[in-house]
Amino acid sequence: MIEKIIIERFKNISKVELPLSNINILIGANNAGKSSILQSIQFAVSIAQTTSLDEFKEARWKFGKLSTSLTANQIIYTPIRDIYSLGHGGTLSQNEGKAIKVTFIEKDTQNRATFFLRKGRNKNLHTTIEGQVLGQQIRDLDNPYSIYVPGLSGIPPFEELRSEGIVRRMAAKGDANNVFRNILWLLKQNEIKWASFLKDFNDIFPDLSISITFDKLKDEYLNASIKRDEKDIPIDAFGTGVLQIIQTLAYIHLYKPKLLILDEPDSHLHPSNQRVLAEKLNEISSILKVQIIISTHSRHLLDAFKEYATVNWISNGAINNHPYDFIKVLLEIGALDKGDILNNGNLKCVVLTEDTKTNKLKAILKSNNFLLEETQIWAYDGCSKIDTAIVLAAFIKSKAPGTTVLIHRDRDYLSDDDCQKLIDKATKANLKLFLTVGTDIESHFLDARHIQTLYPDLSIEEINRFIDEATDHCSTKSIESFVNYMTNKGLQEQYSGGKRLNAGEIATTCLTDYNADKLKFRHGKAVYKVFSNNFFQGRNQKDLIVGSQFLEVNELSQISRQIWPVAVAATKTLQT
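Just so you know, we're using full-length UniProt numbering here: the sequence shown kicks off at 1 and counts up by one.
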């Protein structure tokens, strides 16, 4: 088992020490260095494997060291065609002290293998391997020490049968897409490996079965298909997510590598299957003693691995040590990519919202004098949980101390006391909170005065008639939502040791409260949809999601005055 890999002077990496456990997760923003770390590891292994080819049989170990010259075309795997650009800063030097250097250190034995690559003479390359015991294991191409699985971009429609050596070499290159069926064919030749592969595959996709056949007397190409609902579907016609799982599992069972390198295996995979994949990889790692390094942007995969993976946040080619929960929150909204935006210092306000469509929120912010060019709206799941938002706010404040953090939360069916508790908690954490006037943000646009600014020929009474009709039409939906919300709340209280749930009392109370204040408790989204459908019949349709003075919310106006006192004052002067 490898305890640590040290990477030096590779692409944008100056030096990084990557401690390894059984399963290791790399997360970080785009261009942070995740892929560079994965590539450097496989590149070092590839250099070692290249020196074991027949053309290098004259290369010998001397005093635990092996050195040889080679050309760029001979190296089995390289992440880019121009190998000379892989050096730190984009240049590969002849200077030994500036060579690419990757060191593997075993945990129990402390055996080391260090791989150097530098520019040689006459456009050649020069490599040195130090550490014969571990180095010789990594050189073995017949039993690949590591397998690199980049994201699957598709497989060819046809494949001819290829020799095992060619398939192995293409797999070592990270080019297994083009020998996808050949890998399955080789796997099938070993009944035990094939059975193990199928079991693991069916643990993830129980309703699918894989078939691979080839008749040397009749077939020109390998025949591979997947059966679903008693129908055989050509394997290249299947979804990329399924194919990526097949490729990963096939690699593992065919070659049984010591190290498996997966670049975003969650791509094209449903969140539920990502979690099953995580469980399966953990099981495989334990049984087959394979260490796994995974880069990902998926919060689902990260969350599934939380019990048994080491998580490393990569930034600027180095490891940032942050608590796991902190990283999870940032991933959840893609905030690992947004730290750079905050660092620019141009943002005065970040608004956190659960709504993925932010046009309504933007209209309300604009109506309350927020400068949208200095405001960013981050949509992510879970921002209504104040504890989660507090952690995220800490990240924002660390990057931009002067930035105001505002949370948008639908009021839903919260009581006034519950709303005040949320406000107090947010205030204590130096956060601002915007609670909608009705159950959701759509409720703000069900205002006859706002609509009349777009249709001045209509009276307030006429517009209200449409709103009231839509409200009555959705009364059942509104009451059901109200009852369901309060029932769930009651169950949570009961499970926490509170009073026993009384469903009848909840239903009666909700009905009474709804009839007493329909504007407060109606289901805004449903009412707005019905209103729009009815109101626009036979009428020139205009966009109601625009700013107006009737979308002004006192709390939001106060916040904007605090952030932009001069600009807001100037706006107010112009309005008067």
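Here a beta-carbon is modelled for each residue, glycine too, at the ideal position from N, C-alpha and C. Quick caveat, the model's predicted, so the values are computed rather than measured.
| Query | Result |
| --- | --- |
| Beta-carbon gap between Ala48 and Ile138 smaller than 9 angstroms | yes |
| Stretch pair the segment 469-480 + the segment 552-561: three plus CB contacts closer than 8 angstroms | no |
| Identified DSSP bridge partners for Ile212 | Ala224 |
| Option in Ser21, Leu38 and Lys4 with minimal Cα separation from Ile13 | Leu38 |
| Candidates Glu442, Asn464, Asp457 and Ile441, of which the one nearest Ala448 by Cα | Asn464 |
| Sheet register partners of Lys101 (DSSP bridge) | Glu8 and Phe116 |
| Proximal residues to Gly490 (C-beta, below 7 angstroms), its chain only, five neighbours per side dropped | Leu501 and Ile506 |
| Length of the line joining the Cα atoms of Thr453 and Ser548 | 8 angstroms |
| Same chain, Cβ closer than 6 angstroms to Ser557, neighbours up to 5 away in sequence not counted | Asn368 |
| Inter-residue Cα distance where the pair is Lys357 and Arg522 | 21 angstroms |
| Three-state secondary structure (DSSP) of Ser163 | coil |
| Through-space distance from Ile252 to Ile261, alpha-carbon basis | 11 angstroms |
| Alpha-carbon spacing of Lys258 relative to Pro157, whole angstroms | 31 angstroms |
| Nearest candidate by alpha-carbon position, reference Asn143, set Leu433, Leu86 and Ser46 | Ser46 |
| Inside the segment 383-455 only - alpha helix (DSSP H) runs reaching at least 4 residues | 386-399, 416-428 and 448-452 |
| Cβ shell of Ala516 (< 7 angstroms), same chain only, five flanking positions each side left out | none |
| Option nearest Gly120 by Cα separation, candidates Tyr84, Glu160 and His297 | Tyr84 |
| Proximity below 9 angstroms, CB of Ile341 to CB of Lys432 | no |
| Three CB pairs or more closer than 8 angstroms across the segment 181-194 and the segment 218-229 | yes |
| Spatial distance of Val167 from Ser481 (CA atoms) | 58 angstroms |
| Inter-stretch contact at 8 angstroms, needing at least 3 Cβ pairs: the segment 109-120 / the segment 28-38 | no |
| Residue(s) in a DSSP beta bridge with Asp263 | Ser295 |
| Bridge partner(s) assigned by DSSP for Val350 | Gln376 and Val405 |
| Whole-angstrom C-beta distance between Ile235 and Asn24, which should lie under 8 angstroms | Contact flag wrong, Cβ pair sits at about 30 angstroms. |
| C-beta atoms of Ser532 and Leu544 nearer than 9 angstroms | yes |
| Distance, Phe56 Cα to Arg9 Cα | 26 angstroms |
| Near the ligand MG: Leu301 beta-carbon under 8 angstroms from a heavy atom | This structure does not include the ligand MG; it has no bound ligands of any sort. |
| Identified DSSP bridge partners for residue 577 | In the structure as shown, the chain starts at 1 and stops at 576, and residue 577 therefore has no counterpart that could be examined. |
| Span of the alpha helix (DSSP H), counted from its first residue to its last, around Ile364 | Asn359 to Ser367 |
| Element boundaries [beta strand (DSSP E), containing Pro19] | Ile13 to Pro19 |
| Cα-Cα separation between Thr403 and Ala567, rounded to whole angstroms | 17 angstroms |
| Where Gly87 falls: helix, strand or coil (DSSP) | strand |
| Between the CA atoms of Ala278 and Lys289 - distance to the nearest angstrom | 16 angstroms |
| Exposure of Gly498, with buried meaning 16 or more beta-carbon neighbours within 10 Å | exposed |
| Backbone CA spacing between Lys397 and Leu406 [nearest angstrom] | 12 angstroms |
| Nearest-angstrom Cα separation, counted from Glu442 out to Ala171 | 53 angstroms |
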